[in-house]
Structure formats: C-alpha cells, structure tokens
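Trainee: Here the protein sequences line up with chains U and F, keeping their order.
Numbering (the numbering used here) for the first sequence: 1 to 112.
Numbering (the numbering used here) for the second sequence: 1001 to 1113.
Ideal Cβ placement from N, Cα and C applies to all residues, glycine included.
Here it is, the structure in full.
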Amino acid sequence: TQLLEQSPQFLSIQEGENLTVYCNSSSVFSSLQWYRQEPGEGPVLLVTVVTGGEVKKLKRLTFQFGDARKDSSLHITAAQPGDTGLYLCAGNNAGNNRKLIWGLGTSLAVNP
Amino acid sequence: KAGVTQTPRYLIKTRGQQVTLSCSPISGHRSVSWYQQTPGQGLQFLFEYFSETQRNKGNFPGRFSGRQFSNSRSEMNVSTLELGDSALYLCASSLGTHTDTQYFGPGTRLTVL
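Here it is as structure tokens:
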C-alpha cells in the first residue's frame, strides 16, 4: 500500500515565524501536488511539482520535490494568520492504475 | 467561471437511511471525483466519473455508489447508513483525469445519528 506521510501532524506558531512541513513516501511519484484547505472549504491547489529536485516559489511559500521524487517539503517564511489551514500533499503514482495518494495533512495555526 | 458546487452543505441522517449528494463541476470539466474526509483517515478516494462512466474506484463497500449525467453533474448515494459514514464528502472536478489538478467544492457535511 502506497502511503504519504506528512509531518508534523499539528503545528501552532506565532505570526512572523518560519516553518517547514514534510511529505514523505517510500514510493516514487511522477508528480506531487500541494493543497491548502481552510475550515468549511474544500482543498485548493497551491502548486504541482514534477521534476526531481525542483523548487517552486509562491510568494512566501517555497516547495521542493526530492531528487528521487519520493518526498517533498513546504517552507513558509514569516507566517501570517492567513496561512492557517490544513496543508495536504497528494502524489500521482502514474502507474497502470493511476491514482492520487493523499497524505493526512499538517494542520497549521498561525497566531497573531 | 463558477466553481464546483455541492448540495446540500449539511445533512443529518439516522442509521439505516440512505442519502444522495449532488455535485456540479466547473463548466467544461468532464471528470468528477468523490472523496470522503475524516480526521482519522484523511482524504479517501471514493470514485471518479468521466463522460458518464465510472473510470476509477477506491476501496469502499458497495453501499457507496455514484453516477454522472450527460451534463457532467454527478450524484453520490450511500445506502444503509452507518455511524462511521459521518464525514465531509468532497466532490472535485478536473479537465482530464482525477490525477490532474483537482478543483474541489466546499463539501457536504454528513452526520449519521
């Protein structure tokens, strides 16, 4: 069974702090997506990483795909209360039975 | 462009009843996927429909079924509800397959008493 493990599960920080969340697997993915879900809403795509070693930046968010395409990280600089939410990663296994494999998410609370 | 809409937003049912949830995808999107989200299990894939055909299926019992209409709107049905079916049910549409970017609706919060 393919699994995507996200860590930490919960994170509570003060506004202005930096943080990194991780998404790890023993499986190789052809691509990996990061979503953010706010309370009462569905997840919204932040970024898709495709190439091993790829780094993508979205304002204060930096996403990295591992060289072996088995893991990914999300780094947030100077977190703001608006960054609060559940961060989910989803890997595309791209096998014969193509499916998105979802992590359980990291619940982030940024306190003012 | 209007986003994915789901109705109803909240639903309370009792054990043994059945329920039908509705999803309208983004205009032009032909793939509609359904997910169950719970705190302990996270997002779990139920099934995907494309052009009125079920194209992919997760590991859920036969009590969970779905269908898609010619206008790409989709419905999901759960029969003989169990307490463990209480969850947020999310619908997502995409242009191609369910491994492409998923555009999610706000979900239907189902509570089974």
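I'd like to know if the region 1093 to 1106 of chain F and the region 1022 to 1035 of chain F are in contact, where contact means that at least 3 CB-CB pairs between them fall below 8 Å.
Mentor: yes
Trainee: Residue 82 (chain U) by DSSP, collapsed to three states: which one?
Mentor: helix
Trainee: So which of U:51, U:38, U:64 and U:37 has the shortest CA-CA distance to residue 23 (chain U)?
Mentor: For the residues U:51, U:38, U:64 and U:37, the minimum Cα distance to residue 23 (chain U) belongs to U:64.
Trainee: Distance cutoff 8 Å, beta carbons only. Does residue 1060 (chain F) sit that close to anything in chain U?
Mentor: no
Trainee: In whole angstroms, give me the CA-to-CA distance for residue 73 (chain U) and residue 20 (chain U).
Mentor: Roughly 7 Å separates the two Cα atoms.
Trainee: Taking Cβ positions only, does residue 1099 (chain F) come closer than 8 Å to chain C?
Mentor: Given the protein chain composition of this structure (U and F), no chain C is represented.
Trainee: Can you tell me which of the three DSSP states residue 1113 (chain F) falls into?
Mentor: coil
Trainee: From residue 42 (chain U) to residue 1090 (chain F), what distance separates their C-alpha atoms?
Mentor: CA-CA distance, residue 42 (chain U) to residue 1090 (chain F), rounds to 7 Å.
Trainee: Mind checking the region 1021 to 1050 of chain F against chain U and listing, in chain order, the residues whose C-beta falls within less than 7 Å of any C-beta there?
Mentor: Close to chain U, meaning a Cβ-Cβ distance shorter than 7 Å, are the following residues of the region 1021 to 1050 of chain F: 1042, 1043 and 1045.
Trainee: For chain U, find out if any of its Cβ atoms is closer than 8 Å to the Cβ of residue 1084 (chain F); answer yes or no.
Mentor: Chain U contact via Cβ: absent.
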